[in-house]
Amino acid sequence: MNSILLKARRNYWVLIIFALFLIANFSYLGSVPGLMGDEGSEGQNVFEILKSKQVAVVGERSYIGVLIDYVRIPFILGLGYNAFALRLPIVIASIVFFWMMLFLLKKTFGLMPAIFGLILLTFSPIYLGEQRLAWAITLIPFFIATSIFFFYRESKYNFLLAGLFLGLGLSNHIIFLPSAVAVIVIFLISLLFRGKKIISTSLSNFWTGLISFWAGFGIQFAILQLFKEDQGNPGKVAELFSERFQNLPNLLPSLLSGSVYIARYSGQLLSQPNTFLIFYTLIFLTFLGLFISKQKKIYFLIIVGIVIHLVALLYIIDRYSLRYFVVFALSVWLVSGLSLGFLLQKISIPLNFQKIIAIVLALILLFFSANKILFPFLKTGGNTNNFPLGNREESAEALVDIKPLLSCISDKKVFSENIHIRNRLTFLTNSNNKIKLVENFKNADYIIEYRKDSVKNAREICPTLINFKVSKKK
Amino acid sequence: MKIFLSKITRTRIILATLFLIFLIVNFAYLNRVPGLVGDEGYEGLSVTEHIKNLRNPILGRESYVSFWVDYFRIPFVLLFGFSTLALRIPMIIASLAMFWLTWIVLKRIFGEYFALFGLIFFIFSPAFILYQRISWPINFLPLFALLTLESLTSKRKNKVLTAGLAAGFGTSTHFVFFPFVLSLIISALLLKKIEIKKIFSYWTFIVSFLAGFGIQLAILITYGVESSRMGGGMASYASKIISLISSIPIYFSGTIYFSELIGTNFPTLTILTLSILIFLISLSLLLKPKRREAALWLLCLGIFVLFETYIVNYFHIRYFHLAVLAIWALAGIGLGKLLVKYFANKKVFLFSPFFVSLILILLTVYFAFIPYLKFEGSTKIYADSGVSYDSAGHSADIKPLVDCIDKLPKTVYAAEPKIQNRLLFLANGNPNIKIAEKRSEANLFIDYRGEGPGQESKSRNKEMCPELNHFIVIPNNDFQKN
């Protein structure tokens with residue numbers, strides 16, 4: 002016990018960073034952003050499972066696993082059908098991710114580069130904005146970290162556990178596939194740099210990882226084969242790969258800088274100078290790391306892994322969607338942070354001063370995100386503006402605050418043509434009997450839609466709503 | 223006098239000779255005895271659909287039967303055509319593996335000499351010779367049981383992992399394997415082979431079990447199980463136990479395997495064989511050494527049968543086939559103990575493995591092979607359990623029927639699915655056979671002789687192939703007029 006206290010006292014500054022991480026992740030967890038339509042849809046699956054009282058193997062989609070729904074059950078039962086209950090398990094996974102990444106990075110690059118890498122990763126606006134959303138896809142970084150953690154852990158069951166988490170990750174969401182490919186390829190390449198004994202042990206135990214991978218993914222593979230309706234046309238998707246690749250350079254600055262992720266909340270992209278400043282800083286740091294890192298091979302391998310991930314991702318996705326690129330963007334922030342740590346070591350900044358820099362950096366990033374995401378959101382409850390995203394436009398309406406709408410429609414028979422609005426209300430109805438959502442237009446008294454312009458019509462019943470319009474049916 | 227067989231070379235020579243005999247027995251009349259069985263035709267149709275891409279790639283014949291067996295059959299069907307032989311070669315491959323696995327498992331559990339007789343009783347039992355050749359997924363279950371046992375009894379580092387994988391694949395192959403997995407776990411717990419404190423160290427079993435069973439589990443949950451086949455239930459369990467008790471004599475004696483082929487029950491042979499088996503099993507339990515192992519084997523078997531009875535909704539020997547093989551193996555162990563105790567110093571001791579093998583093979587040849595080849599099977603009714611009856615028509619030789627309709631340029635139809643399925647499968651490899659999907663589209667109607675709607679055909683004059691022993695082929699119009 003004394004040794005733990007001693008260790009904690011020595012590393013109090015890490016605990017400060019962790020405390021900041023907790024504050025950032027728990028603040029307004031249930032209300033910023035507002036419950037998303039997709040969160041509602043995934044949450045409704047929990048309701049269906051509880052209602053049917055039967056074992057379910059199909060998640061919200063054929064490519065989304067059901068495991069996360071089972072994880073959500075105790076939270077829903079304890080806290081009710083609300084955004085907070087859905088997001089709490091995600092934040093818990095985030096906490097595990099924080100410590101696992103610290104362990105991995107520290108073991109590979111030493112404490113200070115690890116801390117800087119972790120700060121840029123977990124305090125980036127991308128992480129703070131996206132990694133609280135209760136989507137299955139949000140767990141991808143968690144599964145990447147756990148599978149890498151077990152691959153490199155020297156234990157009897159390392160391959161078995163690594164394979165299992167890779168399988169569970171892929172089962173959780175098919176978009177994990179590029180990450181899984183990158184993790185496996187990098188692991189195999191990294192074996193070349195290790196001793197002959199480790200290579201032969203690893204290769205002779207690799208089959209155990211394949212078995213456990215299938216244990217994690219087998220059920221979902223069956224679901225993917227049985228329910229293909231929501232999977233689009235993979236052949237056509239593959240054909241358009243080069244088109245997506247060509248569009249990437251246009252998107253890259255706003256993607257890596259976090260500008261588009263900020264716009265999801267506020268509807269406003271960062272100014273162009275700011276976007277390019279952040280973007281080029283990240284690119285500079287990333288390349289700088291290749292020259293100043295003490296573990297050049299490993300650092301280079303990580304970059305290779307990021308590239309493999311990106312190429313594979315562009316190959317399998319049908320369109321640009323921000324959530325697909327979270328892992329890519331976060332990896333770039335991570336390597337930039339590592340590089341910053343190498344730089345501070347290189348120019349011999351005293352250790353204590355580096356610790357202070359780390360805390361200040363975390364605070365700056367936190368303040369940046371609060372200023373660009375939290376405060377504008379709290380002020381307006383989000384935004385329904387559109388913003389450009391590579392080959393298409395994205396709307397910020399998915400994240401708008403729904404609470405003002407709920408007060409307006411209390412005890413009124415409502416309907417919405419918009420699936421995302423309907424999904425949110427359907428989910429919330431399970432705990433809130435004042436929401437009277439009807440199944441079709443015919444039975445409704447009031448119609449809900451997003452407010453896309455400032456024009457207010459005479460049939461509106463809550464003209465003060467900023468992001469929604471509730472109108473009496475004609 | 224153990225010297226006769228304790229030497230490695232002698233054992234090897236005996237094993238090699240037994241294996242040779244085993245090969246001959248298993249390849250003998252592989253495609254003729256029995257002829258293509260009704261459900262084999264149905265299995266074959268599943269393979270055809272996979273080849274023609276008409277079926278979801280992960281769906282087998284039923285929700286509780288895996289697709290992998292179909293894929294295993296595909297190269298043989300492509301190589302040997304749509305024939306009985308093509309469907310059965312995979313079974314023979316499994317049987318070859320089973321020979322050696324049985325030897326390894328029994329040797330590890332009971333020791334070399336007893337294992338030899340356990341092996342002989344296992345592989346030359348009527349159950350094995352007559353049933354292991356039929357191309358049903360359920361007939362792969364003994365293979366997976368042996369793979370599971372081989373893993374568990376080995377000293378390999380990852381033995382729990384591989385055991386779980388074999389158990390998972392077995393359960394995936396046919397869900398009636400699950401009681402075997404449960405019986406293994408419960409027996410091990412009862413005999414404290416698994417320490418409760420270390421129970422969590424067996425998590426790798428669960429992981430690999432899921433790896434083997436995951437896909438089928440998803441299919442089972444998605445589509446459920448046809449309730450008339452399986453599902454279990456405590457309400458009917460007591461009556462099922464009573465049925466089980468009345469079925470045990472014909473099942474465990476192995477005489478049911480003869481009845482399935484030639485449609486006759488053998489009450490005297492049943493009593494005689496069962497008595498010998500009970501005597502030998504008692505010896506395996508009473509004579510030293512390895513009494514504890516014999517008791518564990520029997521306990522596991524008992525639990526398996528009880529669970530199996532719970533999950534199946536009707537009795538058929540195929541559900542208890544694994545138990546029959548296991549009980550015969552244990553009887554073989556008992557015989558081995560008897561021989562060691564009383565005949566170890568006699569010269570006959572050296573030749574006893576061959577002598578016992580010969581008796582067992584002759585038993586099957588005399589009661590099954592010869593009558594079947596002579597009469598082309600049967601369509602007689604026989605008791606297929608203690609409570610139900612079935613027609614042997616499902617295994618009657620279909621070759622004469624195929625030869626008959628091959629010459630008739632007409633479209634045929636059989637209302638009996640077990641005839642229709644066989645013809646549908648074989649028609650894929652024979653363009654002369656034209657099968658109608660509906661009765662109204664057919665020129666000729668086919669049924670078993672002596673039963674069913676074809677009985678109206680009083681004389682053989684109207685029949686297209688009056689020489690057939692077990693089938694009638696009549697003009698469809700004649701049937702409709704009647």
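Residue numbers (this note's numbering), protein chains in the order written: chain Z, 2 to 475; chain D, 223 to 704.
Glycine included, every Cβ here is placed at the ideal spot set by N, Cα and C.
Delimiting residues of the beta strand (DSSP E) encompassing residue i
i: residue 633 of chain D; result: 633 to 636
i: residue 605 of chain D; result: 603 to 605
i: residue 131 of chain Z; result: Unbroken run through residue 131 of chain Z is the alpha helix (DSSP H), 126 to 131; no beta strand (DSSP E).
i: residue 305 of chain Z; result: Per DSSP, residue 305 of chain Z belongs to no beta strand (DSSP E); it is in the alpha helix (DSSP H), 297 to 317.
i: residue 473 of chain Z; result: 469 to 473
i: residue 356 of chain D; result: Looking at the DSSP string, residue 356 of chain D is not in any beta strand (DSSP E), and its letter there is neither H nor E.
Closest Cα partner of residue i within the set the options
i: residue 550 of chain D; options: D:350, D:696, D:368; result: D:350
i: residue 375 of chain D; options: D:397, D:334, D:326, D:339; result: D:326
i: residue 461 of chain D; options: D:528, D:565, D:645; result: D:528
i: residue 294 of chain Z; options: Z:385, Z:118, Z:34, Z:150; result: Z:118
i: residue 63 of chain Z; options: Z:246, Z:370, Z:260, Z:232; result: Z:232
i: residue 469 of chain Z; options: Z:226, Z:361, Z:398; result: Z:398
i: residue 534 of chain D; options: D:286, D:236, D:571, D:233; result: D:286
i: residue 699 of chain D; options: D:237, D:684, D:693, D:603; result: D:684
i: residue 269 of chain D; options: D:654, D:686, D:693, D:646; result: D:646
i: residue 441 of chain D; options: D:654, D:476, D:406, D:395; result: D:395
i: residue 465 of chain Z; options: Z:428, Z:406, Z:430; result: Z:406
i: residue 476 of chain Z; options: Z:93, Z:437, Z:92, Z:76; result: The requested residue 476 of chain Z is not part of the displayed model; chain Z covers only 2 to 475.
i: residue 557 of chain D; options: D:545, D:531, D:500; result: D:500
Residue i versus residue j: straight-line alpha-carbon distance, rounded
i: residue 290 of chain D; j: residue 206 of chain Z; result: 25 Å
i: residue 328 of chain Z; j: residue 134 of chain Z; result: 14 Å
i: residue 273 of chain Z; j: residue 423 of chain D; result: 57 Å
i: residue 452 of chain Z; j: residue 28 of chain Z; result: 27 Å
i: residue 447 of chain D; j: residue 562 of chain D; result: 48 Å
i: residue 705 of chain D; j: residue 283 of chain D; result: Here chain D comprises residues numbered 223 to 704, so residue 705 of chain D is not present and cannot be evaluated.
i: residue 263 of chain D; j: residue 660 of chain D; result: 18 Å
i: residue 59 of chain Z; j: residue 444 of chain D; result: 8 Å
i: residue 577 of chain D; j: residue 323 of chain D; result: 22 Å
i: residue 460 of chain Z; j: residue 475 of chain Z; result: 8 Å
i: residue 482 of chain D; j: residue 541 of chain D; result: 14 Å
Buried or exposed (CB count within 10 angstroms, at least 16 for buried), residue i
i: residue 592 of chain D; result: exposed
i: residue 132 of chain Z; result: buried
i: residue 221 of chain Z; result: buried
i: residue 128 of chain Z; result: buried
i: residue 354 of chain D; result: buried
i: residue 455 of chain Z; result: exposed
i: residue 40 of chain Z; result: buried
i: residue 497 of chain D; result: exposed
i: residue 628 of chain D; result: exposed
i: residue 172 of chain Z; result: buried
i: residue 232 of chain D; result: exposed
i: residue 336 of chain Z; result: buried
i: residue 292 of chain D; result: buried
i: residue 349 of chain Z; result: exposed
i: residue 677 of chain D; result: With a pLDDT of only 49 at residue 677 of chain D, under the threshold of 50, the placement of this residue in the model should not be trusted, and no figure is reported.
Proximity below 8 Å, CB of residue i to CB of residue j
i: residue 373 of chain D; j: residue 608 of chain D; result: no
i: residue 362 of chain D; j: residue 314 of chain D; result: no
i: residue 216 of chain Z; j: residue 433 of chain D; result: yes
i: residue 420 of chain Z; j: residue 81 of chain Z; result: no
i: residue 449 of chain Z; j: residue 415 of chain Z; result: yes
i: residue 426 of chain D; j: residue 383 of chain D; result: yes
i: residue 355 of chain Z; j: residue 345 of chain Z; result: yes
CB contact below 8 Å: residue i versus chain B
i: residue 215 of chain Z; result: The question asks about chain B, but that chain is absent: this structure's protein chains are Z and D.
Range covered by the alpha helix (DSSP H) that runs through residue i
i: residue 264 of chain D; result: 260 to 273
i: residue 53 of chain Z; result: 38 to 53
i: residue 292 of chain D; result: 290 to 302
i: residue 342 of chain D; result: 334 to 345
i: residue 345 of chain Z; result: 327 to 347
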